[in-house]
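Trainee:
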Amino acid sequence: MIEFKLPSLGADMDEGKLLEWKVKPGDKVKRGDLVAVVETPKAAVDVEIWQDGVVQELITKPGETIPVGTVMARLAAAGEALAAAPAPAPAPSRHPVSPAARKHARELGVDVEKLPGGGPHGAVTVEDVEKAAKAVPKKEVVPPSDKALAMRKAIAAAMSRSKREIPHYYLSQTIPMQRAVDWLTAYNEKRPVTERLLIGALQLKAVALALKDFPDFNGFWKGDAFEPAKGIHVGVAISLRQGGLIAPAIHDVAERSLDELMKSLADLVRRARAGSLRSSEMSDPTITVTNLGDQGVDEVFPIIYPPQVAIVGFGRLAPRPWAEDGMIGAVPAVVASLAGDHRASDGHRGARLLAAVAALLQEPEKL
Amino acid sequence: MDANEIRKVVMAELKRIAPELEDVAPTKPLRDQVDLDSMDWLNFLVALNERLKIEIPEADYRKLGTLQQIVDYLSAKAR
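Chains as they are written, first to last, in this note's numbering: chain F, 33 to 399; chain Z, 20 to 98.
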């Protein structure tokens, strides 16, 4: 028997509200399937399941708010499906349904098979459908001001915990970007607007590749010890137009080509702003990258998102004085910064991580 | 398609990205007014490309600082 529990979708989530089940008893599900939509303080999230099985019982009702870890549903594992499945319920007696009522039910989103018929011989009529549609509880709409308040509370909780528990240290390094800019300009010149890369994609990839040699920045502080993560899943800080921010993950960033990464980044930003993220994207970030360069800041002093142990920030890409081979000139440059958890790493390692990011950005063709 | 129709398309796509947008000063820097980051800007150009079938080379981005410049640029290309 598999117990499907409400997963934690971030350090700022203690509970969630089930908005909708995407499955029903008897449905077969496989690893990665979306089974429910849960509202968190930051977003409505499509929750995935990570085991194969057959849904037996949905315990949580839509509209219920439950703590993280609550058993929401029970499933039979693949092998036990037949043995554990309850005897099939007797087929419901079907009422005749008039074609007009069936059409109207489709339009109003009413399950016509579940309606008692009020017409002759128990037939379901248009009036029955309309009555049922009125009785269906409307999805609760949270006023925008409440959503913004919930978002701020969630950010406040996570960031207060971070500053309370994590001894941050900060480092920064100015990275010359002439080679990266030249490479990117030539790369984009040959491509239609739908296939162009942003400099942010190169920065993400450089951070992920550097983390391969510095795994002590990629993981979580749990209990009294650092727990390295298996994959490099970079959380991308995305500001929302209505206020607040969210930092969902792009999985396995180091293994993706720049084109794939750019597509993933564009898709993630679009879905984050549309409120359509997956639970694995919310729960899996192993480090976060934040880029505030578009807002004109030179440098970012970021705050670690617990239980992660590091966050990398990028400021604006701008011409800066730079000395090379005894000559001073203006080159496009960016300041990369690192906030590290001193329980998990030291400044010496952090400085080497930033140096590795800088070195990778000097060879953009290899990213 | 004339300049007025192009302006309507441009504004519609801007509002899709920034639904809270009410009006835009045509000769003031657009990205500051609408708070468009790099991803928003790219998505905006992709949408214009899809709607108007006009390709905008990256080298021309610097010509697209204001709403008026964008409308002028696209109008010239649409001829």
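By construction, the Cβ of each residue, glycine as well, lies at the ideal position given by its N, Cα and C atoms.
With H, G and I counted as helix, E and B as strand and the rest as coil, what does DSSP make of residue 204(F)?
Mentor: Of the three classes helix, strand and coil, the one that applies to residue 204(F) here is strand, per DSSP.
Trainee: Check whether chain F comes within 8 Å of residue 90(Z), counting only Cβ atoms and requiring the distance to be less than that.
Mentor: So no, residue 90(Z) is outside the interface.
Trainee: Are any of the Cβ atoms in chain F nearer than 8 Å to that of residue 97(Z)?
Mentor: For residue 97(Z), the answer is no, since every Cβ of chain F falls outside 8 Å of its Cβ.
Trainee: I'd like to know if residue 298(F) contacts chain C, where contact means its C-beta is closer than 8 Å to some C-beta of that chain.
Mentor: This model lacks chain C altogether, as its protein chains are F and Z.
Trainee: Do three or more CB pairs link the region 313–327 of chain F to the region 279–287 of chain F at distances below 8 Å?
Mentor: As far as the Cβ criterion goes, the region 313–327 of chain F touches the region 279–287 of chain F, which means the pair count is three or higher.
Trainee: On a Cα-Cα basis, can you pick out the residue from 235(F), 252(F), 337(F), 202(F) that is closest to residue 293(F)?
Mentor: Taking only the C-alpha atoms, the option nearest residue 293(F) is 235(F).
Trainee: Residues of chain F with a CB under 7 Å from the CB of residue 37(Z): which are they?
Mentor: Result: 273.
Trainee: Going by Cα to Cα distance, which pick from 98(F), 96(F), 87(F), 128(F) is closest to residue 109(F)?
Mentor: Nearest C-alpha to residue 109(F): 87(F).
Trainee: Is residue 29(Z) near the ligand MG, in the sense that its beta carbon is under 7 Å from a heavy atom of that ligand?
Mentor: As far as ligands go, the structure on display features none, and thus does not contain the ligand MG.
Trainee: What separation, rounded to the nearest whole angstrom, lies between the Cα atoms of residue 196(F) and residue 188(F)?
Mentor: The straight-line gap from Cα to Cα measures roughly 12 Å.
Trainee: For residue 48(Z), name the three-state secondary structure that DSSP assigns.
Mentor: Strand.
Trainee: Any beta carbon of chain F sitting closer than 8 Å to that of residue 32(Z)?
Mentor: No, its Cβ sits nowhere closer than 8 Å to a Cβ of chain F.
Trainee: Please state whether DSSP places residue 373(F) in a helix, a strand or coil.
Mentor: In this structure, residue 373(F) counts as strand in the three-state DSSP scheme.
Trainee: Please name the residue, chosen from 289(F), 166(F), 345(F), that lies closest to residue 202(F) on a Cα-to-Cα basis.
Mentor: Residue 345(F) is the option with its Cα nearest to residue 202(F).
Trainee: Please confirm if residue 313(F) has its CB atom under 8 Å from at least one CB of chain Z.
Mentor: Not closer than 8 Å to any Cβ of chain Z, the Cβ of residue 313(F) fails to qualify, so no.
Trainee: Enumerate in chain order the residues of its own chain whose CB-to-CB distance from residue 57(F) is below 8 Å, with the five nearest sequence positions on each side excluded.
Mentor: For residue 57(F), where only same-chain residues beyond five positions count, the Cβ hits under 8 Å are 87, 88, 89, 90.
Trainee: Any contact of the region 70–78 of chain Z with the region 205–224 of chain F, i.e. 3+ C-beta pairs under 8 Å?
Mentor: Touching, yes, given that three or more Cβ pairs across the two stretches are closer than 8 Å.
Trainee: Does the beta carbon of residue 23(Z) come closer than 8 Å to any beta carbon on chain F?
Mentor: Taking Cβ atoms only, chain F never reaches closer than 8 Å to residue 23(Z), which makes this a no.
Trainee: Chain Z partners of residue 232(F), CB-CB under 7 Å?
Mentor: Residues of chain Z passing the Cβ test: 57.
Trainee: Counting contacts by CB-CB distance shorter than 8 Å, is residue 64(Z) in contact with chain F?
Mentor: By this cut-off, residue 64(Z) is an interface position.
Trainee: Measuring CB to CB, does residue 307(F) end up less than 8 Å from residue 183(F)?
Mentor: Not a contact, by the Cβ cut-off of 8 Å.
Trainee: Check the DSSP bridge columns for residue 323(F) and list the partner residues they point to.
Mentor: Answer is 346(F).
Trainee: Terminal residues of the continuous alpha helix (DSSP H) containing residue 87(Z)?
Mentor: Residue 87(Z) -> alpha helix (DSSP H) spans 86–97.
Trainee: Tell me which residues share the same chain as residue 371(F) and place their Cβ nearer than 6 Å to its Cβ, disregarding the 5 neighbours each side in the sequence.
Mentor: Same-chain partners within the cutoff: 200, 202, 334, 336, 343.
Trainee: Just list the residues that DSSP pairs residue 78(F) with in beta bridges.
Mentor: In DSSP, residue 78(F) forms a bridge with 69(F), 310(F).
Trainee: Going by other Cβ atoms of all chains shown within 10 Å of its Cβ, with 16 needed for buried, is residue 123(F) buried or exposed?
Mentor: Low per-residue confidence applies at residue 123(F): pLDDT is 43, beneath 50, and the placement is therefore not dependable, though the value from the model is reported in the following sentence. With fewer than 16 Cβ atoms within 10 Å of its Cβ, residue 123(F) is classed as exposed.
Trainee: Is the beta carbon of residue 92(F) less than 8 Å from the beta carbon of residue 50(F)?
Mentor: Taking 8 Å as the Cβ cut-off, residue 92(F) and residue 50(F) qualify as a contacting pair.
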